[in-house]
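Sequences listed follow chains W and B, in order.
Heads up, the first sequence is in the working numbering, so the first residue is 1 and it goes up one at a time.
Heads up, the second sequence is in the working numbering, so the first residue is 159 and it goes up one at a time.
The beta carbon of each residue, even a glycine, is placed where N, CA and C say it ideally should be.
Values in this document were obtained by computation on a predicted structure and should not be read as measured data.
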Amino acid sequence: MSPQTLSSTLDALKTTGSVFGIFLSKGESLIFQDAPFSDERIAELATTLDDIALYFVQENRSPDQLSFGFDGGNLLVLIEGEHRLAVFFHHSGEVDLLAEFARAFMKDFATSVLIETYQGGGQEERGSQQERPNGNTARIAAQARRPIDPTSPIQPVR
Amino acid sequence: MDDGNEAFRKALENGEPRFFRASRGSAKGKTGQEDTARFAENLMILQECAVLIGEKLEMSAVASATFYEGEDTFGFCFDQNSDSQNPQVAGAIVNRRIPMEEFVSSIRDFINE
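Pasting the structure below:
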């Protein structure tokens with residue numbers, strides 16, 4: 001997928017419904033971003049999403065779509081291999097429509113990555129992220145590995 | 159799994175959400191210990207993910223969270239009617255991918271029952 005196509009497709013998604021921000025990343029690296037947050041914050045969030053995705057990989061789990069409703073807005077996250085697409089939006093009722101658009105984009109994007117790799121143009125660095133020391137992944141793992149039974153303590157969200 | 163639990167078996171057969179409640183210290187459901195433990199584990203993971211993301215976005219209060227994994231949908235909502243000193247959470251697991259908005263609405267309906 002050319003940078004122009006990628007940009008125009010994600011720009012179109014950005015103007016859908018109440019979307020107010022988007023970023024696409026591969027591992028910790030940002031590929032595209034258009035969100036009302038500082039570059040530093042988006043970079044940190046990309047790292048956090050990568051940590052979360054890595055945690056699930058390590059646990060042999062494979063969620064591919066997550067949605068969070070915060071006080072100040074909603075976040076939809078799609079995970080496709082090493083790629084993550086994050087969509088910020090205001091109206092929670094739009095989540096399924098946005099997920100449909102985002103999923104269609106991710107499918108096209110994944111196909112173009114495969115083609116580029118097949119044609120020798122891809123610069124794949126598989127395996128490198130598995131070895132990265134990772135505080136957030138350890139934090140999620142510690143949380144998940146606490147003794148669990150139906151009456152075990154559950155941490156309230158701050 | 160809790161195959162011997164009638165409510166669990168029926169929910170799986172009909173693709174209906176299995177609902178749970180959790181508050182400080184305990185999770186409760188009607189579909190057996192194993193299913194409730196699975197809910198509790200997913201709840202803790204998803205809450206931790208929400209905290210990590212919220213920290214980066216400076217949005218600390220998460221009202222709900224949902225994910226798809228395989229053919230399962232999992233999620234939770236905070237019960238806004240609960241005591242702030244003892245916040246309650248309700249959540250569900252269903253063995254099919256249902257629209258997230260519909261899923262969250264079903265949890266909110268369960269909260270208001």
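* Asked: Can you give the beta carbon distance from Ser67 of chain W to Thr224 of chain B, rounded, assuming they're within the 8 Å contact cut?
  -> 5 Å
* Below-8 Å beta-carbon distance, Ile203 of chain B vs any chain W residue -> yes
* Whose C-beta lies closer than 8 Å to the C-beta of Asn244 of chain B among residues of the same chain, with five residues either side of it excluded? -> Ser181 and Arg182
* Asked: Are the segment 85–95 of chain W and the segment 163–173 of chain B touching, with three or more C-beta to C-beta distances below 8 Å?
  -> no
* Asked: How would you list, in chain order, the residues of chain W whose beta-carbon sits under 7 Å from the beta-carbon of Phe268 of chain B?
  -> Within chain W, no residue comes near Phe268 of chain B; the closest Cβ sits about 16 Å away, beyond 7 Å.
* Asked: Quick one: what does DSSP say Ile256 of chain B is sitting in, helix, strand or coil?
  -> Correct three-state label for Ile256 of chain B: coil.
* Could you check the C-alpha separation between Phe109 of chain W and Phe20 of chain W for me, to the nearest Å? => Near 21 Å, if we compare the C-alpha coordinates of Phe20 of chain W and Phe109 of chain W.
* Asked: Going along the chain, which residues of its own chain have a beta-carbon closer than 6 Å to the beta-carbon of Phe268 of chain B, five neighbours each way excluded?
  -> Phe177 and Ala248
* Does the Cβ of Ile79 of chain W have 16 or more other Cβ atoms within 10 Å, making it buried, or fewer, making it exposed? -> Ile79 of chain W is buried by the Cβ-count criterion.
* Could you tell me which chain W residues have their CB closer than 7 Å to the CB of Pro257 of chain B, listed as they occur along the chain? => Asp96
* Asked: Hey, how far is the Cα of Glu82 of chain W from the Cα of Leu201 of chain B?
  -> Rounded to whole angstroms, Glu82 of chain W and Leu201 of chain B show a C-alpha spacing of 24 Å.
* Which ranges would you report for the beta strand (DSSP E) in the segment 228–256 of chain B if only whole runs of at least 3 residues count? -> 230–236 and 246–252
* Hey, how far is the Cα of Gly187 of chain B from the Cα of Phe32 of chain W? -> Straight-line spacing of the CA atoms in Gly187 of chain B and Phe32 of chain W works out to 42 Å.
* To do: Taking only beta carbons into account, state which residues of the segment 60–76 of chain W come closer than 8 Å to chain B, listed in chain order.
  => Arg61, Ser62, Pro63, Asp64, Gln65, Leu66, Ser67, Phe68, Gly69, Phe70, Asp71, Gly72, Gly73 and Leu75
* chain B partners of Leu45 of chain W, CB-CB under 8 Å? -> Neighbours of Leu45 of chain W on chain B, chain order: Ile211, Lys214 and Leu215.
* **Coil, strand or helix - Ser18 of chain W by DSSP** => coil
* May I ask you to report which of helix, strand or coil DSSP gives Ser62 of chain W? => coil
* Asked: Got a sec? Which residues, its chain only, sit under 8 Å from Leu13 of chain W by beta carbon, not counting five neighbours each side?
  -> Val19, Ile22, Val87, Leu98, Phe101, Ala102 and Phe105
* Hey, out of W:Ala53, W:Gly120 and W:Val113, whose CA is closest to Ser2 of chain W's CA? -> W:Val113
* Does Thr16 of chain W come within less than 8 Å of chain B when only Cβ atoms are used? -> no
* **Alpha-carbon to alpha-carbon, Pro257 of chain B and Asn270 of chain B** => 20 Å
* To do: Could you work out which residues of chain B lie near Ile93 of chain W, taking near to mean beta carbons separated by less than 8 Å?
  => Sequence inspection shows Gly at residue 93 of chain W; the Ile mentioned does not correspond to that position. Under the 8 Å cutoff, chain B gives Glu259.
* To do: Taking C-beta pairs closer than 9 Å, name the residues in chain B that Arg41 of chain W reaches, listed in chain order.
  => Lys214, Leu215 and Glu216
* Residue span of the beta strand (DSSP E) that contains Lys107 of chain W, given as start and end -> That residue, Lys107 of chain W, is in no beta strand (DSSP E); its alpha helix (DSSP H) goes Val95 to Tyr118.
* To do: Please name the residue in B:Ala195, B:Glu164, B:Asp193 and B:Ser218 whose C-alpha comes closest to that of Gln205 of chain B.
  => B:Ser218
* Asked: Name the chain B residues whose beta carbon is nearer than 9 Å to that of Thr48 of chain W?
  -> Those within 9 Å of Thr48 of chain W in chain B are Cys207, Leu210, Ile211, Glu213 and Lys214.
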